[in-house]
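Enquirer: First the structure, which I've put down as structure tokens, then a few questions once you've had a look.
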Amino acid sequence: MIYTVGEMAQKLGVPASTLRYYDKEGLLPFVERSSGGIRMFRENDFEWLQVIRCMKKAGMSIKDIRQYIELSMQGDDTIDTRLEMFRHQREVLTQQIQQLQHTLETVEYKCWFYEAAKAAGTVDVPSAMTDADVPEQFRAIRQELRGQKLPNSEK
Numbered sequence: 002m003i004y005t006v007g008e009m010a011q012k013l014g015v016p017a018s019t020l021r022y023y024d025k026e027g028l029l030p031f032v033e034r035s036s037g038g039i040r041m042f043r044e045n046d047f048e049w050l051q052v053i054r055c056m057k058k059a060g061m062s063i064k065d066i067r068q069y070i071e072l073s074m075q076g077d078d079t080i081d082t083r084l085e086m087f088r089h090q091r092e093v094l095t096q097q098i099q100q101l102q103h104t105l106e107t108v109e110y111k112c113w114f115y116e117a118a119k120a121a122g123t124v125d126v127p128s129a130m131t132d133a134d135v136p137e138q139f140r141a142i143r144q145e146l147r148g149q150k151l152p153n154s155e156k
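Residues 2 to 156 in the working numbering are what the sequence shown spells out, letter by letter.
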């Protein structure tokens with residue numbers, strides 16, 4: 002089955018302008034065109050487009066995505082290079098997830114702090130708590146926010 006830009010965009014859940022942008026950036030060399038220059042998407046193009054979307058969400062640059070597609074079009078001789086690209090991006094994502102996890106822990110601590118302050122009617126109560134009075138899950142974050150060094154065993 003052949004899809005127009007609009008039909009494929011709808012199937013992907015993206016604006017048609019996104020597909021036009023991908024094409025303009027050289028990310029769609031696999032998409033055929035009619036004699037009139039109209040893009041003709043096929044069923045198997047859907048997977049390519051999903052991978053492009055995944056790579057964009059993973060933070061890969063258009064340049065790197067274009068390089069990946071070019072390597073893919075070259076065939077099996079580039080498998081090692083493509084694998085390395087994905088391994089590198091996996092490492093980048095793993096680091097971002099760790100940073101986001103730390104950020105979430107800080108936000109959770111501040112939620113607890115203000116819930117305790119609300120219950121007490123003042124921020125003075127949670128501020129004055131000793132570490133022993135703070136729930137264990139928030140102690141390290143609290144110490145970090147206060148600039149207190151943690152022993153290596155507690156990091």
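Even glycine gets a Cβ: it sits at the ideal position worked out from N, Cα and C.
Between L13 and L50, is the Cβ-Cβ spacing less than 7 Å?
Expert: Counting from 1 along the sequence shown, the entry for residue 13 is found at position 12. Counting from 1 along the sequence shown, the entry for residue 50 is found at position 49. It is a contact, given that the beta carbons lie within the stated cut-off.
Enquirer: For the alpha helix (DSSP H) that M86 lies in, which residues bound it at each end?
Expert: Taking the first residue of the sequence shown as 1, we reach residue 86 at position 85. Unbroken alpha helix (DSSP H) run through M86: 80–121.
Enquirer: Cβ of E106 within 7 Å of Cβ of I142?
Expert: Counted from its first residue, the sequence shown places residue 106 at position 105. Counted from its first residue, the sequence shown places residue 142 at position 141. A contact, by the Cβ cut-off of 7 Å.
Enquirer: So for R140, helix, strand or coil by DSSP?
Expert: The sequence position of residue 140 within the sequence shown is 139, counting from 1. In this structure, R140 counts as helix in the three-state DSSP scheme.
Enquirer: On the CB-based measure, 16 or more other CB atoms within 10 Å of its CB, does R91 come out buried or exposed?
Expert: Along the sequence shown, one-based indexing puts residue 91 at 90. So R91 counts as exposed.
Enquirer: Nearest to S18 by alpha carbon, out of G27, L29, R140, V6?
Expert: Along the sequence shown, read from residue 1 onward, the residue named residue 18 stands at position 17. For the residues G27, L29, R140, V6, the minimum Cα distance to S18 belongs to V6.
Enquirer: Quick one: give me the first and last residue of the alpha helix (DSSP H) that M2 is part of.
Expert: Here the question's residue 2 lines up with position 1 in the sequence shown. Premise fails: M2 is in no alpha helix (DSSP H) and is neither H nor E.
Enquirer: Which residues bound the alpha helix (DSSP H) around R21?
Expert: For the purposes of this step, residue 21 is taken as residue 20 along the sequence shown, with counting starting at 1. From DSSP, the alpha helix (DSSP H) with R21 extends over 17–25.
Enquirer: In terms of residues, what are the limits of the beta strand (DSSP E) holding F42?
Expert: Taking the sequence shown and counting its residues from 1, one reaches residue 42 at position 41. Start and end: 40–43.
Enquirer: For E33, list the residues DSSP reports as bridge partners.
Expert: Translated into positions along the sequence shown, residue 33 becomes position 32. The partner list for E33 (beta bridge, DSSP) reads M41.
Enquirer: On a CA-only basis, which of V135, H89, R34 is nearest W113? Give me that one, please.
Expert: Against the sequence shown, residue 113 aligns to sequence position 112. Taking only the C-alpha atoms, the option nearest W113 is V135.
Enquirer: Which of helix, strand or coil does DSSP assign to A59?
Expert: Translated into positions along the sequence shown, residue 59 becomes position 58. Coil, per DSSP.
Enquirer: State the start and end residues of the unbroken alpha helix (DSSP H) segment that holds A129.
Expert: In the sequence shown, counting from the first residue as 1, residue 129 sits at position 128. That run of the alpha helix (DSSP H) goes 125–129.
Enquirer: Using 10 angstroms around the beta-carbon of A10, count the other beta-carbons present and answer buried if the total reaches 16, otherwise exposed.
Expert: Against the sequence shown, residue 10 aligns to sequence position 9. It is buried - the Cβ of A10 has at least 16 other Cβ atoms within 10 Å.
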